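When you read off a place in the sequence shown, starting at 1, and then add 6, the result is the number in the working numbering.
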Amino acid sequence: MCWVDNPKVLSERLALAIRICTVNKQKPIILNQSELDWETWDDPDLAAKSPIRWKILISGERGPSGRLATGIAEMAPDTLLPLHHHEPEETYYVISGSGYVTVEDCEASLSAGASVFIPSNAKHSLRCTGPEKLVFLFTFAADRFDEIIYHFDVH
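Printed below as a string of structure tokens:
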């Protein structure tokens with residue numbers, strides 16, 4: 007029997023959908039990254055060692071984001087995001103430039119259009135290898151970027 011043909015089932019499903027929408031009520035977050043300031047590491051030694059900068063686009067700091075934190079980052083030529091790991095999974099999507107990524111035992115060259123999935127707690131690093139800056143979108147499976155704990159690994 008199709009649930010639409012049964013008023014009782016339809017009523018129960020509609021009530022459930024309304025409860026879900028009410029409990030998980032989220033509002034859209036719409037912004038332009040040009041209106042945001044660049045951020046970098048709070049630790050001056052780390053900022054000197056890894057002069058990457060980023061802007062947080064979507065995250066719980068800006069409003070409920072449903073376990074999604076995303077931002078845009080850029081690295082100057084011949085700079086490194088050192089080997090590190092963190093609890094939430096992460097993705098990279100390269101917008102422009104070129105680089106080299108290491109995730110555990112996997113290594114690859116990257117250029118515009120490349121995407122990378124980084125599993126939870128996987129050790130990874132990223133280097134800008136081209137003559138122009140490396141610009142990439144990053145996304146974490148996390149409510150808030152400011153709650154992600156980076157652990158830098160010495161090898």
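Glycine included, each C-beta is placed from N, C-alpha and C at the ideal position. All values reported here derive from a predicted model rather than from experimental measurement.
- Query: Which value, in whole angstroms, describes the spacing of the CA atoms of G136 and Q32?
  - Reply: 40 angstroms
- Apart from the five residues on each side of it in sequence, which residues of its chain come closer than 6 angstroms, Cβ to Cβ, to E138? G103
- Query: Straight-line CA distance for A128 to V160?
  - Reply: So the two alpha carbons sit approximately 14 angstroms from each other.
- Message: If I measure Cβ to Cβ from Y156 and keep anything under 6 angstroms in the same chain, skipping five residues before and after, which residues do I get?
- Response: H90 and H92
- Message: Helix, strand or coil, according to DSSP, for R115 in the structure here?
- Response: It should be noted that the sequence gives Ser, not Arg, for residue 115. In this structure, S115 counts as strand in the three-state DSSP scheme.
- Query: Ordered along the chain, which non-local residues of its own chain (more than five positions away) have a Cβ less than 8 angstroms from that of Y106?
  - Reply: E113, A114, S115, L116, L132, R133 and T135
- Message: Alpha carbons only, please: which of P70, R73 and W60 is nearest the one belonging to V141?
- Response: The shortest C-alpha separation from V141 is found at W60.
- When DSSP labels each residue in this structure, what does P50 get in the three-state scheme? helix
- Message: With the cut-off set at 8 angstroms, would you say M81 and L74 are in Cβ contact?
- Response: no
- Proximal residues to D43 (C-beta, below 8 angstroms), its chain only, five neighbours per side dropped: K61.
- Message: Taking 8 angstroms as the threshold (C-beta atoms), are E96 and I124 in contact?
- Response: yes
- Which term fits G72, buried or exposed, when burial requires 16 or more other beta carbons within 10 angstroms of its beta carbon? exposed
- Message: Our contact map puts S65 next to F151 with C-beta atoms below 8 angstroms; I'd like the distance itself, whole angstroms only.
- Response: 4 angstroms
- Determine the extent of the beta strand (DSSP E) in which W60 is found, giving its start and end residues. R59 to I64
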